[in-house]
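Heads up: the sequence lines are chains A and B, in that order.
Using the numbering used here, you'd call the opening residue of the first sequence number 1 and step up by one each time.
Using the numbering used here, you'd call the opening residue of the second sequence number 168 and step up by one each time.
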Amino acid sequence: MTWKTFALAATTTIGLAALGAGMSGVRADDDKGGKRVRPVTDQTVIEECGACHMVFQPAMLPARSWVAVMNGLADHFGENAALSDDKVRAITDYLVANAGDAGGRPNRMVSGIAPGEAPLRISDTPYWVREHRGEVRPGAFEDPRVKSKANCVACHRGAEMGSYDDD
Amino acid sequence: MKAEPKRMGLALVLLAALTVPVLAGAARQPILDGYAAAAKAGDAAFAGFSAARGETLFQTKFAAGDAETPACTSCHTDNPGGTGRTRAGKDIAPMAVSKTPDRYTDREKVEKWFGRNCKGVLGRECTALEKGDFITFMASK
């Protein structure tokens, strides 16, 4: 890396960080047409969850779902994702504090989930199913370039930054 | 005088390029030493790690853990220098130290992933010997 590209990369990083900070105040449920979700800012969550998949925004599931996910890391969708107790606690706290029903006010992404249900996959929520129905070509998720419904960024390039405007 | 900053910059780039692998190597050694001590404690005949055994561990289809990951290569590709991919479609930087110099330099990270991945592929923990062999193989690539 030359110093010029380093400087460019650094500037871009700072720019993106500023963008992230600006959006962190945006509630997931107060968009008007544009689909923006507050991105994750916690470094432990970014590192640990982001090692295997996109860093999903906690506002996309209710707190009870995140608790269930974090209690089952030894078999995380068929994989062992076990973490130390202190990391499990820190990550759970962050996810619950920023969940889609934090403060007892469910946002549009989680309000359709039945009270007794705690879906483990965002792609199993009624909101996600509704948003993708008809719009996504059948078989698109099996495309090797996509591979999984968990790979949001395959189509929503800005997904990790919380931007789903491009659908 | 005019050329000075440029030359300084070049020198710094060279210095950085040279020191990163050296520092990483210095951080990797204690991890290997720890595995060597554990391997020796388990088997007095332990005579050092083997890149060849590490390669076999990397390439073998154990199919003894999770159904979707019969081998290390299921996620890391069968080329140590290749970019791997998780089941969720995210890229994994190459495991070969020549391609990703800071690999195997953070003990906690190394232990976390051996713990998860060995169970997922072999259906059990890896031994200290296997861990040392694996890192030795990747450090040679």
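Using N, Cα and C, we set each Cβ at its ideal position, and we do this for glycine too.
Remember, predicted model here, so these are calculated numbers, not experimental data.
Review point. Histidine 53 of chain A touches chain B at which residues, Cβ-Cβ below 9 Å?
Key: Looking up residue 53 of chain A in the first sequence gives position 53. What histidine 53 of chain A touches in chain B: Thr253, Arg254, Ala255, Gly256 and Lys257.
Practice item. For glycine 78 of chain A, return the contacting residues in chain B, with the cut-off set at a CB-CB distance below 9 Å. Key: The residue given as residue 78 of chain A occupies position 78 in the first sequence. Result: Asp233, Ala234, Glu235, Thr236, Arg254 and Gly287.
Review point. Can at least three beta-carbon pairs, one atom from the segment 52-63 of chain A and one from the segment 102-122 of chain A, be found at a separation below 8 Å?
Key: yes
Point to revise | Whole-angstrom distance between valine 55 of chain A and cysteine 49 of chain A, CA atom to CA atom | key: For this step, residue 49 of chain A is matched to residue 49 along the first sequence. For this step, residue 55 of chain A is matched to residue 55 along the first sequence. Cysteine 49 of chain A and valine 55 of chain A: Cα-Cα distance of roughly 6 Å.
Check your understanding: Which two residues bound the contiguous alpha helix (DSSP H) that contains aspartate 93 of chain A?
Key -> In the first sequence, the residue the question calls residue 93 of chain A occupies position 93. Start and end: 85-97.
Check your understanding: Between the beta-carbon of alanine 203 of chain B and the beta-carbon of glycine 290 of chain B, is there less than 8 Å?
Key -> Numbered from its first residue, the second sequence carries residue 203 of chain B at position 36. Numbered from its first residue, the second sequence carries residue 290 of chain B at position 123. No, Cβ-Cβ distance for alanine 203 of chain B and glycine 290 of chain B is not below 8 Å.
**Study point:** glycine 72 of chain A burial status per 10 Å Cβ neighbour count (16 or more: buried)
**Key:** Reading the first sequence from its first residue, position 72 is the one you call residue 72 of chain A. Exposed, because fewer than 16 other Cβ atoms sit within 10 Å of the Cβ of glycine 72 of chain A.
**Study point:** Nearest residue (CA-CA) to leucine 224 of chain B, options B:Ala214, B:Gly215, B:Thr240 and B:Phe213
**Key:** To locate residue 224 of chain B, count along the second sequence from 1; it is residue 57. Nearest of B:Ala214, B:Gly215, B:Thr240 and B:Phe213 to leucine 224 of chain B, Cα basis: B:Thr240.
**Study point:** Limits of the alpha helix (DSSP H) - the one that histidine 156 of chain A falls within
**Key:** Locating residue 156 of chain A in the first sequence gives position 156, counting from the first residue. Counting along the chain, histidine 156 of chain A falls outside any alpha helix (DSSP H), and DSSP gives it neither H nor E.
Review point. Residues of chain B with CB under 8 Å from arginine 35 of chain A, in chain order?
Key: As a position in the first sequence, residue 35 of chain A is number 35, starting the count at 1. First, the residue type needs correcting, since residue 35 of chain A is lysine and not arginine in the sequence shown. None at all; the shortest Cβ gap to chain B is about 20 Å.
Review point. What number of angstroms, rounded off, separates the C-alpha of proline 138 of chain A from the C-alpha of histidine 132 of chain A?
Key: For the purposes of this step, residue 138 of chain A is taken as residue 138 along the first sequence, with counting starting at 1. For the purposes of this step, residue 132 of chain A is taken as residue 132 along the first sequence, with counting starting at 1. Taking the straight line from one Cα to the other gives about 10 Å.
Practice item. Return the CA-CA distance between alanine 206 of chain B and valine 129 of chain A, expressed in angstroms with no decimal places. Key: The sequence position of residue 206 of chain B within the second sequence is 39, counting from 1. The sequence position of residue 129 of chain A within the first sequence is 129, counting from 1. Cα-Cα distance, rounded: 51 Å.
Exercise for review: List the residues of chain B that valine 88 of chain A touches, going by C-beta distances under 9 Å, in chain order.
Suggested key: The count along the first sequence starts at 1 and reaches residue 88 of chain A at position 88. Going along chain B, no residue has its Cβ under 9 Å from valine 88 of chain A, so there is no contact; the nearest lies around 12 Å.
**Study point:** Continuous alpha helix (DSSP H) stretch holding glycine 282 of chain B: start and end
**Key:** Taking the second sequence and counting its residues from 1, the one referred to as residue 282 of chain B is at position 115. That run of the alpha helix (DSSP H) goes 274-289.
Point to revise | Interfacial residues, the segment 135-151 of chain A to chain B, with Cβ spacing under 7 Å | key: Val146, Lys147, Ser148, Ala150 and Asn151
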